[in-house]
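J.: If you scroll down you'll find the structure; I have some questions about it.
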Amino acid sequence: MNSEMSRHAQLREDIVVFALSSSHDLAEEICRILDIPLSPCECLQFADGEILVELGASVRGKDVYFVQSTNKPVNKHLMELLIAIDACKRASARSINCVIPYFGYARQDRKAKPRQPITSKLVASLLETAGANRVITMDLHATQIQGFFDVPADDISTLSIIGNYFLKKKDLNPEDIVVVSPDHGGTVRARKLADQLGAPVAIIDKRRPKPNVAVAMNLLGDVSGKTAVIIDDMVDTAGTLTSGINMLYEKGAKDVYAACAHGVLSGPAIERLKSSRLKEFIVTNTIDQNEHKAEYDNMVVLSIAPLCAAVIEAIQLKESLSTALHNAIEVDLHEEDSKN
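Structure follows, in C-alpha cells:
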C-alpha cells in the first residue's frame, strides 16, 4: 500500500495532464485511473478562425501530457495541439508529451502519385518543431510513421482490448469465430486478433478504384455457418465495411461483427451501418463517439483509457512499456471475472 501511495505521490508531483478540445472525456478517465487531477485548459477560437490555447496550471519543471486526437476538424485540432505545445515550451516545461490516440493525416504516409506530399511526415516535423519531446499514438494507419519522428514515438495497439471484449462475450462460442481481414493489407492485424481468439482467418479481396470507394471481389477462406468478425484499423465512410458485410452473409456467415480502433465515421457512415445486417459495431474511444453512440444502438464503445494511463505511468516511473500494457489488460480481465 505504501509503495502504491508513493507511486501516485510521484505522479502527482511530476506531471500535468491537459485535455484539448477533441479528447476531454478520455483525458478525464485517464486521470481518474492515475488518481491525479486534470489540469484546466481553454481552447478559444476568434472570429477570424485564429486559435488561442490558455493553460490554467503552472508547467514549470513539469512533465506535461496533452491528450488530443486530431480527428475532424483535423486542422483545428492539430493547430490547438501545436499552439499548446508552444505555450508549454515557453513556460519552461521539463518535457512535453503528446497523447494522440487518432493521428490525423496518417493515410498520407507515402507518395502514391507524382508530386504528392507525404503529409504525415510533415505533421511529425511540425510537432517536433513546436517542441514535443515524445508522441504516443494508437494503431497508426501505417506503422512506418513511427520512423518519421526523431523523438520517441510509441504506437500502442488496441487489439488486446478488442480481443478481450470477444473473449468475455458469454453468447459467443470461440470455436464458431472466423476473423476477417477487409483487405490483404490488414492480414497481419487479423492474424494477431485470430491468435488471441484461437480462430482461423479469412481475407476479403477488394479493389479500390478511387479514395473512399472499395468493391469486395472475392473471399479467401470459409465463413459458412460461422460468426465472422471483421477487424480493421479505422472505419471512415463505411463503404468498404458494408460491402464486406454483404459478401460475408452471401458466403453463408451466421452473424457478422465488425471492430476497429478508430471510428472516423464520416458522411453516410452511420446510416450505412444502421441499414446493414451488422450484429454489433465495436469501436474504441480514440475518437469521441458520444454523438454517434446516441444515433446507433448497435455500437459498442471500448475505452483505451487504461492503456493510456499504463503508458503514462510507465514513462514517468521509467518502467517497461510492454509489461505495463500487459498488466493493464490482465487487470481488465480479472475485473470482469470478479463482476461475474
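Taken in order, the sequence shown gives residues 0 to 339; the numbers are from numbering that gives the first Met the number 0.
For every residue, glycine included, the Cβ atom is placed at its ideal position computed from N, Cα and C.
Is the beta carbon of ILE82 closer than 8 Å to that of ASN132?
T.: Position 133 of the sequence shown, counting from 1, holds the residue named residue 132. Position 83 of the sequence shown, counting from 1, holds the residue named residue 82. No; because the gap between Cβ atoms is not below 8 Å, this pair is not in contact.
J.: Does the segment 96-115 come into contact with the segment 298-317, if we say contact requires no fewer than three beta-carbon pairs (one atom in each stretch) closer than 8 Å?
T.: Cβ pair count under 8 Å is three or more, so yes.
J.: By alpha-carbon positions, which one of ILE161, MET246, CYS42 ends up nearest to ILE202?
T.: What you label residue 202 is simply residue 203 of the sequence shown in a count that begins at 1. Looking at the Cα atoms, MET246 is the closest of the given residues.
J.: For my contact list, CYS307 and VAL282 are in at a C-beta cut-off of 8 Å; report their separation, rounded to the angstrom.
T.: One-based indexing of the sequence shown puts residue 307 at position 308. One-based indexing of the sequence shown puts residue 282 at position 283. Not quite, the Cβ-Cβ distance comes to about 16 Å (not below 8 Å), so this is no contact.
J.: Spell out the partners DSSP gives TYR64 in its beta bridges.
T.: Stepping through the sequence shown from its first residue, residue 64 is reached at position 65. The partner list for TYR64 (beta bridge, DSSP) reads VAL16, ASN96.
J.: Do ILE230 and SER159 have their beta-carbon atoms positioned less than 8 Å apart in this structure?
T.: Working through the sequence shown from its first residue, we reach residue 159 at position 160. Working through the sequence shown from its first residue, we reach residue 230 at position 231. No. Outside cutoff.
J.: On a CA-only basis, which of ASP182, ALA105, LEU126, TYR256 is nearest ASP149? Give me that one, please.
T.: Here residue 149 refers to the residue found at position 150 when the sequence shown is read from its first residue. Ranking ASP182, ALA105, LEU126, TYR256 by Cα distance to ASP149 puts LEU126 first.
J.: Measure the Cβ-Cβ separation of GLN67 and LEU19 and say whether it is below 8 Å.
T.: Within the sequence shown, residue 67 is the residue found at index 68, counting from 1. Within the sequence shown, residue 19 is the residue found at index 20, counting from 1. Yes.
J.: If you measure between the beta carbons of LYS61 and ILE29, is that distance less than 8 Å?
T.: Numbered from its first residue, the sequence shown carries residue 61 at position 62. Numbered from its first residue, the sequence shown carries residue 29 at position 30. In this structure, ILE29 does not lie closer than 8 Å to LYS61 by Cβ.
J.: Let me confirm a value: VAL187 is counted as buried when at least 16 other C-beta atoms fall within 10 Å, else exposed. Which label applies?
T.: Looking up residue 187 in the sequence shown gives position 188. It counts as exposed.
J.: Where does GLY185 sit, in a helix, a strand or coil, going by DSSP?
T.: Taking the sequence shown and counting its residues from 1, one reaches residue 185 at position 186. In the structure shown, GLY185 sits in a helix (DSSP, three-state: H, G or I).
J.: Can you grab the Cα-Cα spacing for the pair VAL255 / ALA129, in whole Å?
T.: Taking the first residue of the sequence shown as position 1, residue 255 is located at position 256. Taking the first residue of the sequence shown as position 1, residue 129 is located at position 130. Approximately 44 Å, taken between the alpha carbons.
J.: Out of LEU219, THR226, MET233, state which residue places its alpha-carbon closest to the alpha-carbon of ASN172.
T.: Position 173 of the sequence shown, counting from 1, holds the residue named residue 172. Cα-wise, what sits closest to ASN172 is THR226.
J.: Tell me the DSSP secondary structure of GLU318 in three-state form.
T.: What you label residue 318 is simply residue 319 of the sequence shown in a count that begins at 1. The answer is coil: DSSP assigns GLU318 none of H, G, I, E or B.
J.: Contact defined as beta carbons within less than 8 Å: I believe VAL234 pairs with VAL177. What is the distance between those atoms, to the nearest angstrom?
T.: Stepping through the sequence shown from its first residue, residue 234 is reached at position 235. Stepping through the sequence shown from its first residue, residue 177 is reached at position 178. About 19 Å separates the two Cβ atoms, so there is no contact after all.
J.: Can you name, in chain order, every residue of its own chain whose Cβ lies under 6 Å from the Cβ of GLY136, other than the five neighbours on each side?
T.: The residue given as residue 136 occupies position 137 in the sequence shown. Residue 136 is actually Thr in this sequence, not Gly. So the qualifying residues of the chain are ILE99, PHE102, ASP154.
J.: Mind checking who ASP153 pairs with in its DSSP beta bridge?
T.: Against the sequence shown, residue 153 aligns to sequence position 154. ASP153 is bridged to ILE135.
J.: Which residues bound the alpha helix (DSSP H) around TYR248?
T.: The residue you call residue 248 lines up with position 249 of the sequence shown. That run of the alpha helix (DSSP H) goes 238-249.
J.: Measuring straight from C-alpha to C-alpha, what distance separates VAL263 and ILE117?
T.: The residue labelled residue 263 in the question sits at position 264 within the sequence shown. The residue labelled residue 117 in the question sits at position 118 within the sequence shown. C-alpha separation (whole angstroms): 21 Å.
J.: Check whether the segment 285-301 touches the segment 316-327, taking contact to mean three or more Cβ pairs, one atom from each stretch, closer than 8 Å.
T.: Taking 8 Å as the limit for Cβ pairs, the verdict is that the segment 316-327 does not touch the segment 285-301.
J.: State the Cα-Cα distance for the pair ILE50 and GLU41, rounded to the nearest angstrom.
T.: As a position in the sequence shown, residue 50 is number 51, starting the count at 1. As a position in the sequence shown, residue 41 is number 42, starting the count at 1. C-alpha separation (whole angstroms): 10 Å.
J.: Let's test the definition: count the other Cβ atoms within 10 Å of the Cβ of MET216 and tell me whether it reaches 16, buried, or not, exposed.
T.: Stepping through the sequence shown from its first residue, residue 216 is reached at position 217. Exposed, because fewer than 16 other Cβ atoms sit within 10 Å of the Cβ of MET216.
J.: State the beta-bridge partners of PHE280 as determined by DSSP.
T.: If you number the sequence shown from 1, residue 280 lands on position 281. BP columns for PHE280 point to ALA257, MET298.
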